[in-house]
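*Asks:* Protein sequences appear in the order of chains A and B.
Residues 1 to 760 in this note's numbering are what the first sequence spells out, letter by letter.
Residues 1001 to 1311 in this note's numbering are what the second sequence spells out, letter by letter.
Ideal placement from N, C-alpha and C gives every residue a C-beta, glycine not left out.
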Amino acid sequence: MKSSRLNMRRSATTQGKTGGRAPSPSAKTRTRSSTRKPARRQSPVASLLLELGTEELPASFLGPALQQLSTLLATTLREQRLNYDSIRTVGTPRRLVVCVDGLVAKQSALQQEVMGPPRSIAYDEQGNPTKAAQGFAGTQGVSVEALQIRETAKGAYVCALKYEPGRTTSVVLTEHLPKVIQQLSFKKSMKWNDSQFRFARPLRWILALYGTRTLRFAIGGVTSGAKTFGHRFLGVPRSKNGVPIIIKNPASYEAAMKRSGVMVDPQERRTVIQDEVRGLAKSVKGTVYAEHHLELLEQAVNTAEWPHAILGSFPPNFLALPQEVLITAMKEHQGYFSLIGKHGVLLPKFITVTNMKLPNMAVIRQGHERVLSARLNDAQYFFREDRKKSLADRVEDLQGITFHQKLGSMHQKVCRLQSFVPRIAEAIGAHELKDVCERAAYLAKADLSTGMVGEFPTLQGVMGREYAKQDGERTEVSEALGEVYLPGSPDGELPRTTLGIVLGLGDRLDTCTAFFFVGMIPSGSEDPLALRRLAYGFVRIIVEKGLRVNVSQLIAEAEQILKSQNVAKSASNDSVVASLVEFLIERLRFFMKTRYGIADDRMDAVLAARPSTVCDCTDLVARMQALHHIAARPEFDALIGGYTRVSRILQKEQWQDDRINQALFEHESERSLFEALETARVSLDTHLVTHDYAGAMTTLLQLKTPIDGFFDGVMVNAPDQAVRANRLSLLGRVNQLFLTLADFSRIQTSMNSCHTNAKE
Amino acid sequence: MTLQDLILSLHQFWSTQHCILTQPYDTEKGAGTFNPSTFLRALGPEPWRAAYIEPCRRPTDGRYGDNPNRLQHFYQYQVVLKPAPSDVQDLYLKSIASLGINPRYHDIQFIQDDWESPTLGAWGLGWEVRLDGMEITQFTYFQEVGGLEVDPVTVELTYGLERIAMYVQEVDHVFDVQWSEGVTYGQLYREAEVQHSTYNFELANVEMIRHTFDANERECQQLLEHDLVIPAYDYCMKTSHLFNLLDARGVISVAERTEYITRVRGLARRCAKAYTAQREGLGFPLLQQDVAQKATKQSPNTRRVRTASRS
């Protein structure tokens, strides 16, 4: 804290550089904050407290708004040369609060020298100021007489001395806090009165104190003051809702709010909720369902001013519904935590976080239980209605559901999947799945027409699985239907069954190909169809399951199927395969970078050596990892040094490439390199057959000595043209051998960057 | 407290808040927002305060009388306040207290709810108000209605009467709610729920409804051409209900759905525009009246705000 304070002070003193037209002498001499009498005592400090009282903000808005408030205020304080020790935000659904401690009482004064035009232009021969001088003085707000002359390396220039005295912090804040508030932005904002001011929800009061002083300003139809309001219904004294609390100074704020039933610090609320939830779960020998835990926790933290968790139950007969249905209904409708008991079975219990604490919570609990029971009753209704028709009988209904305007109905998509998914099974060598594949593809989208998925879209797939099970479909098929949409999030769980993998890959690749085919390619931040997410899931499945498959080939097949449906291809995208492969490779790079920390140049090297007709993600990953590991070895940099030299010479020189003629060798080092190459090639081939890229890379390392020896032993540019060509061809062989693994010239090492510097 | 007591209490409460107790509108509709008392009155600068009960039809929500709180026909209690008072949340909570629900003994939460009606070309921000987990009210600051910016902002409070009654009477099924002393909701409406559900889901004549939709749309357009905006809006409401019927019948595809919604919205927008123009032509009569009233009794409250904003 101490050091940041010092930094803050220092940076504040160098504020306010104003650009003159003249070349500037060092900034230090131009601008300095001056306490005119250097010995003056440091100005006193106090805390700033700003609380924006609102009607209930959406839960997801609180965090970002506090973040913004802190950043905006910090920027303002810096710009206004107001030094402080620390800045902290807290908040609840009804208040955004920022507190600045150790804030000085006065701005530091600003003395500035602003350079103007050269003296020769500013004054005429008689020494009278010209228009240039008058203009400059005018813009700087000083009199022409006050202009001074500064000698610089480039000659004499006019300069204006400006002095801005420090204003008191209260004055500056009164002027600037409304601007800070004005700048807060939200995903969605609204108007509520005739001030035309926009905010996430109506702003109702502003508490603004600097020390014990109340800051008064108006914004959005609200005038700031020393008043705030406590919890709507809690708090001591149990004053009536709507009776304000007066805060005398910032230090007493948190305690006063706590007495009024408000825990202003989100972290405190989080801890309270976590402890209570954990305790309640434990009391029924359960644990909180993990997948939604954090999301629900954050929601609760940002919904209550005084959180208090309670445990409730629902009638156990609802447990006959699929577990996911119950969990989803509790989460989506009510924001309840589900509890899992022994053996991963759902308990007929829930936890909810209230914004109320009473000695007896029974009435509130019963209320929540009754609501949930009605909700689950509805889920049960959908389930029963859906069962009136088998999943297979629903496939025809998909004709009425549009996949996309340009791509026809969901039924058409299913037809494509029926052709495409078996091809994927074949490509990954799962020949035994050919029959079930088509059935799974046929049923893959049927649950979209069910009432349950209509009510809870996130249950797509899960409902397919449950209904298929009840219809007596084969187990592989029903399990696969439950896995089509996995992974559901960037780090989500992958499908486990082979059929699920095949189906998931087919669905994703068909969607991506189809949209690329009709020219709907994501660009920049625009990705309304979430194709990046789909493509990322696709890449993850391939790579994490270690599947060897040529994706280029699969895309070409998906494209053929689209053509057979007479889908109109977009004119703008000639090569669907090439552009989609590139798109997938971008996702692959992102995966490798985040998952394994592989550096860009390593990936560039491997990708540059990729044959244009093949995209085998798993193979690319193996190469990247091998390169990543080998690059960590000490001898690697030296090898790259040698190789870079080889590739540079080859790029520069012209010669007739030919077989190596051993008879033209003049030096032992040429033969050594030649023989080392022969040995390396054999070794490399063996490794490549088994995809042992680590072994292959190690083989290359053994070429370091012969390459270095070659350069030490001979001059490539021999006077005899035949000898020269032979040497260049030999280097050509070195290059070819390296390129079978990666384009090593793209790798950045300390060695080759030094090399570059030395040469150029 | 019987359901009719609830209605009377709300009437009493909002009546003292200077709301006009307008009445339900005699056209089928999915929500009280469709009532001209809200949809049309939210438009333009004229002040408006009204409270009314509104019967609503939502064919897709029918459950053949099986669900404890989903019905295809139910009642909303609707309050419209324009401009939105700055203490509207407190007013609302007082109205709840007037029903015997003391907020100090319950868990009342305002949960974000971004309301949108694609058929009305309307949206607003606000909350669903939950009483011990049960959604009892939709609370919305209208931002746009019929594609037009709402200025001054109108606030709409929509109480779910059945749910509140269930809560107050501590019953688990809507049909057990006492409508009046000795008469239950089930006795009044169970049979209607069964019959309407059967009609909505199974027997509604799709061809007839499609044709009627087209005919009503034409009628609305025809009336708009004659500047008969109020009857025109009736036909706009009718198309919305017919679309809901088709939706419940499960006969419209996603693409068709969008198209139907666009058609209804088109009518709603034209009605909104025409209505605003008409009121303007009349010199916004309610605005004149409001100005006159304010001139006669300048409230101390207003004066204080003025001084404050000058500082």
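May I have the straight-line CA-CA distance separating A:Q15 from A:R81, to the nearest angstrom?
*Replies:* Confidence in A:Q15 is poor, its pLDDT being 36 and thus under 50, which makes the residue's placement unreliable; the coordinate value appears in the next sentence. So the two alpha carbons sit approximately 7 Å from each other.
*Asks:* Tell me, to the nearest whole angstrom, how far the beta carbon of A:P202 is from that of A:T228; I am working on the premise that it is less than 8 Å.
*Replies:* 16 Å between Cβ atoms; not a contact.
*Asks:* How many angstroms separate the CA atom of A:A663 from the CA atom of A:T679?
*Replies:* So the two alpha carbons sit approximately 19 Å from each other.
*Asks:* What residues from chain E crowd round B:Q1072, counting only those whose CB sits closer than 8 Å?
*Replies:* The structure shown has no chain E; the protein chains it does contain are A and B.
*Asks:* At what residue ranges does the region 353-405 of chain A contain a whole run of the beta strand (DSSP E), taking only runs of 3 or more?
*Replies:* With a minimum length of 3 residues, the continuous beta strand (DSSP E) runs that stay inside the region 353-405 of chain A are 402-404.
*Asks:* Within 8 Å (strictly less), CB to CB, does A:Q334 reach chain B?
*Replies:* Answer yes: the Cβ-Cβ gap between A:Q334 and chain B drops below 8 Å somewhere.
*Asks:* Could you name the residues of the region 1240-1253 of chain B whose beta carbon sits closer than 7 Å to any beta carbon of chain A, in the order they occur along the chain?
*Replies:* Against chain A - using a Cβ distance shorter than 7 Å - the residues of the region 1240-1253 of chain B are S1253.
*Asks:* Per DSSP, what kind of secondary structure is A:S825 in: helix, strand or coil?
*Replies:* Look at the range of chain A in this structure, 1 to 760, and you will see that residue 825 of chain A is not part of it.
*Asks:* Could you name each continuous alpha helix (DSSP H) segment of 4 residues or more that falls completely within the region 210-269 of chain A, going from the start of the chain to the end?
*Replies:* Complete alpha helix (DSSP H) runs here, min 4: 253-259.
*Asks:* Give a yes or no on contact between the region 1048-1055 of chain B and the region 1006-1022 of chain B, applying the rule of three or more CB pairs nearer than 8 Å.
*Replies:* As far as the Cβ criterion goes, the region 1048-1055 of chain B touches the region 1006-1022 of chain B, which means the pair count is three or higher.
*Asks:* Distance, Cα to Cα, A:T698 vs A:I598?
*Replies:* Cα to Cα, the separation comes out at about 19 Å.
*Asks:* Could you give the C-beta distance for A:R394 and A:S478, rounded to a whole number, given that I count them as a contact under 8 Å?
*Replies:* Not confirmed; about 15 Å, so no contact.
*Asks:* Residues in its own chain within less than 6 Å of A:N726 by CB, not counting five upstream and five downstream?
*Replies:* Closer than 6 Å at Cβ, skipping near neighbours: N661, L664.
*Asks:* Is the region 455-463 of chain A close to the region 320-329 of chain A, with three or more CB pairs under 8 Å?
*Replies:* At 8 Å Cβ cutoff, the stretches touch.
*Asks:* Use the C-beta contact count for A:A208: other C-beta atoms within 10 angstroms, 16 or more gives buried, fewer gives exposed.
*Replies:* When all chains shown are included, A:A208 counts as buried.
*Asks:* Leaving out five residues on either side along the sequence, give the residues of the same chain with a beta carbon under 8 Å from the beta carbon of B:S1197.
*Replies:* Closer than 8 Å at the Cβ level, and outside the excluded window around B:S1197, lie G1062, R1063, Y1064, G1065, Q1072.
*Asks:* Please report how far the alpha carbon of A:D471 lies from the alpha carbon of A:F403, in whole angstroms.
*Replies:* Distance between the alpha carbons of A:D471 and A:F403: 25 Å.
*Asks:* With DSSP as the reference, label B:F1174 as helix, strand or coil.
*Replies:* Per the sequence presented here, residue 1174 of chain B reads as Val, with Phe not at that position. It is helical.
*Asks:* Contact check, A:V353 vs A:P307 under 8 Å by CB: the rounded distance?
*Replies:* Between A:P307 and A:V353 the Cβ distance is about 5 Å, and since that is below 8 Å, they are a contact.
*Asks:* Measuring only the C-alpha atoms, how far is B:P1152 from B:F1142?
*Replies:* Near 9 Å, if we compare the C-alpha coordinates of B:F1142 and B:P1152.
*Asks:* With DSSP as the reference, label A:F199 as helix, strand or coil.
*Replies:* If DSSP states are grouped into helix, strand and coil, A:F199 belongs with the strands.
*Asks:* Quick one: which residues of the region 1140-1164 of chain B get their C-beta closer than 7 Å to a C-beta of chain A? List them in chain order.
*Replies:* Going along the region 1140-1164 of chain B in chain order, one finds Y1141, Q1143, P1152, V1153 with a Cβ nearer than 7 Å to chain A.
*Asks:* Is any beta-carbon of chain A found at less than 8 Å from that of B:Q1109?
*Replies:* Yes, because at least one Cβ of chain A sits closer than 8 Å to the Cβ of B:Q1109.
*Asks:* Just verifying my parser: in three-state terms, what is the DSSP assignment at B:T1258?
*Replies:* Helix.
*Asks:* Could you work out which residues of chain B lie near A:G344, taking near to mean beta carbons separated by less than 9 Å?
*Replies:* Here the premise fails: no neighbours, minimum Cβ distance about 26 Å.
*Asks:* Applying the 10 Å Cβ sphere with the 16-neighbour rule, what's the burial state of A:V593?
*Replies:* Per the sequence presented here, residue 593 of chain A reads as Lys, with Val not at that position. Exposed, by the Cβ-count rule.
*Asks:* Quick one, are the C-beta atoms of A:Q107 and A:K162 less than 8 Å apart?
*Replies:* Contact flag unset, no.
*Asks:* Starting from the beta carbon of B:A1084, find every residue of chain A whose beta carbon is closer than 9 Å, and list them in chain order.
*Replies:* Chain A residues near B:A1084: W192, N193, P202.
*Asks:* Pick helix, strand or coil for B:G1030, following the three-state DSSP scheme.
*Replies:* The answer is coil: DSSP assigns B:G1030 none of H, G, I, E or B.
*Asks:* Of all Cβ atoms in chain B, is any one closer than 8 Å to the Cβ of A:R370?
*Replies:* Yes - at least one Cβ of chain B is within 8 Å of the one on A:R370.
*Asks:* Sort out for me which residues DSSP pairs A:M190 with in a bridge.
*Replies:* Looking at the DSSP assignment, A:M190 forms a beta bridge with A:F199.
*Asks:* Buried or exposed: where does B:I1207 fall if 16 or more other Cβ atoms within 10 Å of its Cβ makes it buried?
*Replies:* Reading off the sequence shown, one finds Glu at residue 1207 of chain B, where the question assumed Ile. Result: exposed.
*Asks:* Establish whether the CB of A:K188 and some CB of chain B are separated by less than 8 Å.
*Replies:* Closer than 8 Å to some Cβ of chain B, the Cβ of A:K188 qualifies, so yes.
*Asks:* What did DSSP end up calling B:F1110 once you bin it into helix, strand or coil?
*Replies:* Strand, per DSSP.
*Asks:* Find the nearest neighbour of A:G261 within the set A:P348, A:V567, A:E305, A:T271, judged by alpha-carbon distance.
*Replies:* Out of A:P348, A:V567, A:E305, A:T271, A:E305 has the C-alpha closest to the C-alpha of A:G261.
*Asks:* When DSSP labels each residue in this structure, what does A:V567 get in the three-state scheme?
*Replies:* In this structure, A:V567 counts as coil in the three-state DSSP scheme.
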